[in-house]
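Visitor: Below is one structure. I have some questions about it.
There are 4 protein chains.
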Amino acid sequence: MCGIVGVAGIDKAAELAYLGLYALQHRGQEAAGISAVDESGRIHLQREHGLVVEGFSDSVMATLPGRNALGHVRYSTAGGPGLVNAQPMLVRYHQGDLALVHNGNITNAVGLRSSLVREGALFQTTVDSEVIVHLIARSRAPAVEEQIIEALSQLTGAFSVMITVGDALYAARDPWGFRPLTLGRLNDGHVIASETCALDLIGATIERDLQPGEVIRIRNGAAEELTRLTGAERPAPCIFELVYFARPDSRVWGVSVDRARRAFGRQLAREQPVDADCVFSVPDSSNSAALGFAEESGIAYELGLIRNHYVGRTFIHPTQKGRDFRVRIKYNAVREVINGKRVIVVDDSLVRGTTSRGLIALIREAGAREVHFRVSSPPVTNPCYYGIDMPTREELIGAQKTVEEIREHLNVDSLGYLSLEGMHSAVASHGPFCDACFSGNYSAPLVDLEMGRRVSSHC
Amino acid sequence: MCGIVGVAGIDKAAELAYLGLYALQHRGQEAAGISAVDESGRIHLQREHGLVVEGFSDSVMATLPGRNALGHVRYSTAGGPGLVNAQPMLVRYHQGDLALVHNGNITNAVGLRSSLVREGALFQTTVDSEVIVHLIARSRAPAVEEQIIEALSQLTGAFSVMITVGDALYAARDPWGFRPLTLGRLNDGHVIASETCALDLIGATIERDLQPGEVIRIRNGAAEELTRLTGAERPAPCIFELVYFARPDSRVWGVSVDRARRAFGRQLAREQPVDADCVFSVPDSSNSAALGFAEESGIAYELGLIRNHYVGRTFIHPTQKGRDFRVRIKYNAVREVINGKRVIVVDDSLVRGTTSRGLIALIREAGAREVHFRVSSPPVTNPCYYGIDMPTREELIGAQKTVEEIREHLNVDSLGYLSLEGMHSAVASHGPFCDACFSGNYSAPLVDLEMGRRVSSHC
Amino acid sequence: MCGIVGVAGIDKAAELAYLGLYALQHRGQEAAGISAVDESGRIHLQREHGLVVEGFSDSVMATLPGRNALGHVRYSTAGGPGLVNAQPMLVRYHQGDLALVHNGNITNAVGLRSSLVREGALFQTTVDSEVIVHLIARSRAPAVEEQIIEALSQLTGAFSVMITVGDALYAARDPWGFRPLTLGRLNDGHVIASETCALDLIGATIERDLQPGEVIRIRNGAAEELTRLTGAERPAPCIFELVYFARPDSRVWGVSVDRARRAFGRQLAREQPVDADCVFSVPDSSNSAALGFAEESGIAYELGLIRNHYVGRTFIHPTQKGRDFRVRIKYNAVREVINGKRVIVVDDSLVRGTTSRGLIALIREAGAREVHFRVSSPPVTNPCYYGIDMPTREELIGAQKTVEEIREHLNVDSLGYLSLEGMHSAVASHGPFCDACFSGNYSAPLVDLEMGRRVSSHC
Amino acid sequence: MCGIVGVAGIDKAAELAYLGLYALQHRGQEAAGISAVDESGRIHLQREHGLVVEGFSDSVMATLPGRNALGHVRYSTAGGPGLVNAQPMLVRYHQGDLALVHNGNITNAVGLRSSLVREGALFQTTVDSEVIVHLIARSRAPAVEEQIIEALSQLTGAFSVMITVGDALYAARDPWGFRPLTLGRLNDGHVIASETCALDLIGATIERDLQPGEVIRIRNGAAEELTRLTGAERPAPCIFELVYFARPDSRVWGVSVDRARRAFGRQLAREQPVDADCVFSVPDSSNSAALGFAEESGIAYELGLIRNHYVGRTFIHPTQKGRDFRVRIKYNAVREVINGKRVIVVDDSLVRGTTSRGLIALIREAGAREVHFRVSSPPVTNPCYYGIDMPTREELIGAQKTVEEIREHLNVDSLGYLSLEGMHSAVASHGPFCDACFSGNYSAPLVDLEMGRRVSSHC
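Structure, rendered in structure tokens:
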């Protein structure tokens, strides 16, 4: 997964992009990058491993002048060490410098890349995003706008992208609208970001979400729609953004993430009730859902698990390695809350089940009499090919075991998932959604996969 | 403030000390250090700036062999750059290598130091802890035990200390017992730490707290009391550990920190009731108190503020500096929770008031109709001279303004503190306590201060 | 300027390339790089700023497996910070991974690049060498050999290049043969390098120089000539390699560099005799020439200047900046040699004159009665467009001033240059040579320059 | 070995100390340090591993204000990693801050240290120099001058030291005068350094050498002799400074080092003549001696060996390790000079013989018909206990083998050393000298060694 931010027509644009990335840090911690367009149209670029606060010192920021900037945080730097696969991507083509940031995964990138390579294109990275810049550079269309539209029209899959060339910033979402992108204003300029929490920190006001397929150009203080990309039968915004990925203080798909999770939690309490002494969350991602469960059930909300936020890229020493240790170093149970009690633990989703199993061992050691595990989303049964970094089907516990088998594996007294219908009903007025990871219904064609091509790394 | 951990008689002691420091990281983020005693009695030492997870790689850990180790995390490296002031402190004296860790502040250190310097002692650091090792080295007593007791007997103020010499580990608390220190067991060995959360992560079982004035020696798998230091009229454990400093999953002064804070929150609701739509905490330190307030008042508990945990040593760019910006980069308000509502915000303590004021501006911008601020401790009116890093009286808002003036300054509709009596009553069965920062009643003599000496840096 | 080395068919090829670069370090100190082809044909690459001994640790070398490797040292990383402009250059094209190293400067690179960019090629660097890989990638020829020959045939100017694709290593010199490249053998494998001193250190035996225009392929232990590039009227090896650039222990253009410089020095003594007490060099580049001058003239050879070899990237503090300071920090005069004497100083060439002027001030301060400056090459009057990094005409003192003006500027009692004819006559049996920097007779067309194109950075 | 520099009463003293260290870099490459006294008397200190140009950036220098400064370069950081053993040494004692630099080795340091430790002194380092500061701190004398004199009077062995306290700089040499120290002037201030080449670079004029046993204080622009330490029967300046250690452009013991080495070379030619085609040096340390040999013998001087100056802390890869490889990476032979010739190789001294043996193998491979090895000093037969870092007797080839055995070991046709008498006669007017490493006549008592104490690390 990745987070992206763009700033157009505002002094010290790179500093605002920095703030935006800081707010979007939860969408990617492995690498961060900022590009900035100076007065002459030349683009300056800095990309660093790790957190944005670690890599972008005053002296680094001083190399990023100008009023248009792009920023990107990356979940994993697939493609091995080196920053070459990080973003923004910068190329110098016949129209000048071009920078691009991309959130999502293009499902026909491998095929497009093969064609381009056969024609003599030299790829510098292993990420799918690079096909976009080659398609732009090879377009025979005379204007930048047309080149970009021609390139984007050839793509299938998930892409929220922003591009800067000269004094213009282009932003687009794929026809399905898999990944969010919200337009905001700050004084006479514009800010665009993956989530509204970035606009909040920058101090921009929220204007509107970009629509699925929408391509806009921002120049001279004006945002203008260029075209609407087609190809999707219906919009398919990702419901997993609400379930887990987005920050609770963001609005995504027109709904407060906190409110959506509360609704999931309340619906879960209705669907999977159980008698118990208290309910608590796995902090911090399931706080909202657990509170919703507590409200609806009337069972006392507690703080049963404490999370250590200094975990960083925790260094695990050889003697400490082992099944549950990665959990223990991140969480501790509060014995006084748990000891002798029947407890309900609410988590937002169950992917591999490894962390949950470790947590439950911790909770049992703290003296829980009964442990009831509740998940505020359905079983994850299918990988995402639209940009969420998920394991293969073989590693998805929901795809490999029945609910009863999972209950046994986790060693809990009862296990309850939110139903697919219940999840949709809780946010019905904001759908429809892509729920492929829960249902296997893939909204956009998986072109490369169906052709048996080895899928490139994505974001 | 600082956190300390000691491991005695366990293989790979340094790795356990590392884990202990990791759990105690909230007690100090500026520097971390580990010392380890090898088979020959030689002590190896590593000290690094920053978080323990950042500084102690595999290769660093490999230089720390043996079965006895000490660890220390430091809140601030007063005394300027350089790690010389970090701990453990290591000296080679006539009995061999000696390492020491210290949490607290010695109130007659300046005077002792002056005497030692006049006699030709060469001090390497500016921290009060160094007087202890000089006193030990200059003792004419023949045995290490006697040298240590002779040295500690000359100290006034707060000290939880651990010392290793040869195959023995010594631990002691000052006669007032200002700072916590808990003894645990792991197999045939011992683990001692500032808080029980460190014992939990290490996997040690909690045995008992060291008593005020107690000096013990651990050797050959046995912990033996050597003496009981005197000089205190009565014990004076620090109540601020319960209010703010310790982790909620620790037991301190015989009580669960989470339960103590719940009790503070409930008592606060009784003392300072107000009609409102919801109550929320300033995460994460006041979560327990806010939940207690919600329980007692029956007002809905909400997640109104989201904290960005990637803040690290946040880099503030010039254009972003300003009164409230440090708050905004750390917290965001959830508009959907707050907008149009009468909200109660619970915080654990009010020191300078700067952060609170910024938070309230944030909450007002998110559309709160009324803001009621509740503090789950009394006004902080006096600096701590026993080891808590606090500003001077001039900077303590509770010492400079009346409650009504503070209410105006914070721009809230109402402001309510927990009373001193209410605070004590909530944890009455675990006292008496030192409450000097709230009351001005200093339990141990402030020798240097009263002599007009410039007080050295402390921890 | 740059130095290149290639290793084919030898275990731990990268380690030998490392040694080769170490011996070629005088040809470029700003960046170093090594690429290595593993068994599967995948190329691994490491590029670092600074000296090869600084950047290539054991752990870096461990990432460079296989039996074919290329190495490159770079004089300046034109194109700003970042290693993207360093070499080897690595691309993944339709035939697999391709690595390239290049010494020289392509005089029609800008024009070729413009055409390629118009066709949609995305350039990653600002160096001329990148046009070669794009030309190869776009070739319609089916075989790698043909693609390479097709690409090289389009180039004008100076290029000694080596390329690896799969299990083959290709080496070529431009038709003029501007830059050296010598083939050696080590057991069953081959080593190719800019200078023979690299073969010496690797332990390879010198086989022969590649001929101007020669293109060879080394595969399965055999070196095979593929073609001979045409376009040059006659060979034009660079005489400046003998004058200054190459190491004295190398053989270049079939002659020992030490012997060539001796011959220049002797010829200089014949052409520009002067009565004096002693002769000394500007160490170390003019040691051979000064010794030749001393031999021929019968005047005593002395060590009048001492060079500080710890100079590195010397840090000049603000108060020390100034005209002569950069000279003083590098050289010191030996007062006992110079005081009261009539001295002859021999230098290899005079480019800007800045260093020489500083040196002479130093020598005068040490008490020289007379200073006679002798230069073992003619005045440098024209920039090199074939790969030697030289200032513009405006900065070339030989282009701006008469010999008498230069004498006055340097503040010497007499100044004598070696004549153009004298220089050629001293190495006549190894010519003809390119002497454009001395004569203005450019051997290969300066295509870009004549078209008024801004010339890209080179090496 | 070490080099020291002191600056008194000059603005930006630390920058001048930096320059001085840069010129003295040949005396120690492992660590460098500078201390500076600010207006209030507080001393600021920076110590870094490696070369002075690497460690002392602008930002580091900016932390070193004031008009009095000391500098130190260290040959080896004995005592393990960490800079604690580097110098200047800084302590804060009852008279304020004190910084010290020391060149030499104190032969009764171990005994003094034991006494101090028994009295409760806490040592921070393992170097002998630390006893000096403890002796000063423990002195009961009222004035700093007396404390320093009292401390220095207790020392036996070699010490050129400088100390700053408050606004004064103290400099002293041991009564034997083993190590050099020269006083210079710059405007109204003073500069003191191990060698005159440091004064040259700083731009100071040479005033005079400090005398054996002399102790001076510089304050308010005046240098005043405080006392003359006694205890030596006669002066014993180190002759090895002339043979090898000092820079050829320095004056040491009143003689130009270049001239002294020339005289050694000429005397060697007289004592050990041989018929040959050419003579060359092992660059750069024996250049002067080889030239002297050539002059006296009338045999042609050549440049037969080229030294690679990029060697730094050369990284030797596993496959390249081996007997001669460390030589090959540093030197290359010039085949055209050597092939078929009878050559004389002149080296300054023969310690272990390892490098020489490797060099001769190199020279033989280059085709030498005969190799005659000449050493411009006598066989090194005894370790130095006065500050030159030498191997034990067991490793000294001159102590273990006869000249004929050494000749065989080196595989040369003849081997000739300069005689002890010949060496002295060449510099007779500047003696007497300590020649203990050649003769075993130790001038100052080896107290610790004779008491069987394990000798501490030295400089």
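Protein chains in written order, with this note's numbering: chain D, 9 to 467; chain R, 9 to 467; chain P, 9 to 467; chain W, 9 to 467.
Positions of the beta carbon are idealized from the N, C-alpha and C atoms, including for glycine.
#1: For the pair the segment 193 to 207 of chain P and the segment 135 to 147 of chain P, tell me if three or more CB-CB distances fall below 8 Å.
#2: Determine whether the beta carbon atoms of D:Arg-343 and D:Glu-304 lie at a separation below 8 Å.
#3: Taking contact to mean 3 or more Cβ pairs, one atom from each stretch, closer than 8 Å, check whether the segment 159 to 175 of chain W and the segment 59 to 68 of chain W are in contact.
#4: Buried or exposed, going by whether 16 or more other CB atoms sit within 10 Å of the CB of D:Arg-242?
#5: Based on the DSSP secondary-structure assignment, which residues constitute the bridge partners of R:Val-381?
#6: Could you give the distance in angstroms between the alpha-carbon of W:Val-354 and the alpha-carbon of W:Val-81?
#7: On the DSSP bridge list, what partners appear for D:Tyr-339?
#8: Report buried or exposed for D:Gly-116, applying the criterion of at least 16 other Cβ atoms within 10 angstroms of its Cβ.
#9: Applying the criterion that 16 or more other CB atoms from any shown protein chain within 10 Å of the CB defines a buried residue, is R:Asp-257 buried or exposed?
#10: For P:Leu-237 versus P:Gly-221, is the C-beta distance shorter than 8 Å?
#11: By how many angstroms is the C-alpha of R:Ser-357 removed from the C-alpha of R:Arg-274?
#12: Confirm, please, whether the CB-CB distance from R:Gly-406 to R:Pro-387 is below 8 Å.
#13: Which chain W residues are close to R:Arg-100, counting only those with a beta carbon under 7 Å from its beta carbon?
#14: Quick one: give me the first and last residue of the beta strand (DSSP E) that R:Ala-482 is part of.
#15: Helix, strand or coil for P:Glu-56? Go by DSSP, reduced to three states.
#16: Output the distance between the C-alpha atoms of R:Ala-268 and R:Ala-434, rounded to the nearest integer angstrom.
#17: Are any of the Cβ atoms in chain W nearer than 8 Å to that of P:Arg-461?
#18: Run the CB neighbour count on D:Ser-437, radius 10 Å, all protein chains shown included, and call it buried at 16 or more, exposed below.
#19: Mind checking the segment 235 to 264 of chain R against chain D and listing, in chain order, the residues whose C-beta falls within less than 7 Å of any C-beta there?
#20: Give the straight-line distance between the Cα atoms of P:Val-474 and R:Gly-58, rounded to the nearest whole angstrom.
#21: Under three-state DSSP, which class holds D:Ser-451?
#22: Compare the Cα-Cα distances from R:Ile-226 to each of R:Ile-171, R:Ile-51, R:Ile-314 and report the closest residue.
#23: Measuring CA to CA, which of D:Ala-180, D:Arg-255, D:Val-379 is closest to D:Arg-231?
#24: Does DSSP put W:His-102 in a helix, in a strand, or in coil?
#25: Just mark W:Ser-43 as buried or exposed, buried being the case when its beta carbon has 16 or more other beta carbons within 10 Å.
#26: At 7 Å on the CB atoms, spell out the chain W contacts of R:Arg-146, in chain order.
#27: Which residue spans inside the segment 196 to 260 of chain W form an unbroken beta strand (DSSP E) run of at least 3?
#28: Do the CB positions of R:Ser-364 and R:Leu-313 come within less than 8 Å of each other?
#29: Please look up how many angstroms separate the CB atoms of W:Gly-104 and W:Ala-21, rounded, as I've assumed it's under 8 Å.
#30: If you count every other CB in all the chains shown that lies within 10 Å of the CB of R:Ser-451, and 16 or more means buried, which is it?
#31: Drop a sphere of 10 angstroms on the beta-carbon of R:Pro-440, count the other beta-carbons inside from all chains shown, and report buried for 16 or more, exposed for fewer.
#32: Counting only Cβ-Cβ distances shorter than 8 Å, please list the residues of the segment 327 to 356 of chain P near chain W, keeping chain order.
#33: Between which two residues does the beta strand (DSSP E) holding R:Thr-172 run?
#34: Quick one: residues in its chain with C-beta nearer than 6 Å to the C-beta of W:Ala-472, no 5 flanking neighbours on either side, listed in chain order?
Guide: Quick look at the numbers:
#1: no
#2: no
#3: no
#4: exposed
#5: The sequence as given places Phe at residue 381 of chain R; Val does not occur at that position. According to DSSP, which records beta bridges pairwise, R:Phe-381 is partnered with R:Val-353, R:Leu-423.
#6: 29 Å
#7: D:Arg-315
#8: According to the sequence displayed, residue 116 of chain D carries Asn and not Gly. Counting Cβ neighbours within 10 Å, D:Asn-116 comes out buried, since at least 16 surround it.
#9: buried
#10: yes
#11: 15 Å
#12: yes
#13: Phe-131
#14: For chain R, the structure presents residues 9 to 467; residue 482 of chain R sits outside this window and is missing.
#15: strand
#16: 7 Å
#17: no
#18: exposed
#19: Arg-255, Pro-256, Asp-257, Ser-264
#20: Residue 474 of chain P lies beyond the residue range present for chain P, which begins at 9 and ends at 467; the question has no answer from this structure.
#21: coil
#22: R:Ile-171
#23: As written in the sequence, residue 231 of chain D is Ala, which differs from the Arg given in the question. Ranking the options by Cα distance to D:Ala-231, first place goes to D:Ala-180.
#24: coil
#25: buried
#26: Gly-128
#27: 197 to 201, 213 to 217, 222 to 227, 230 to 236
#28: no
#29: That belief does not hold up - the Cβ atoms of W:Gly-104 and W:Ala-21 are roughly 18 Å apart, past 8 Å.
#30: buried
#31: exposed
#32: Thr-327, Gln-328, Arg-336, Ile-337, Asn-340, Ala-341, Val-342, Arg-343, Glu-344, Val-345
#33: 168 to 173
#34: A query on residue 472 of chain W cannot be resolved here, the shown segment of chain W reaching from 9 to 467 and no further.
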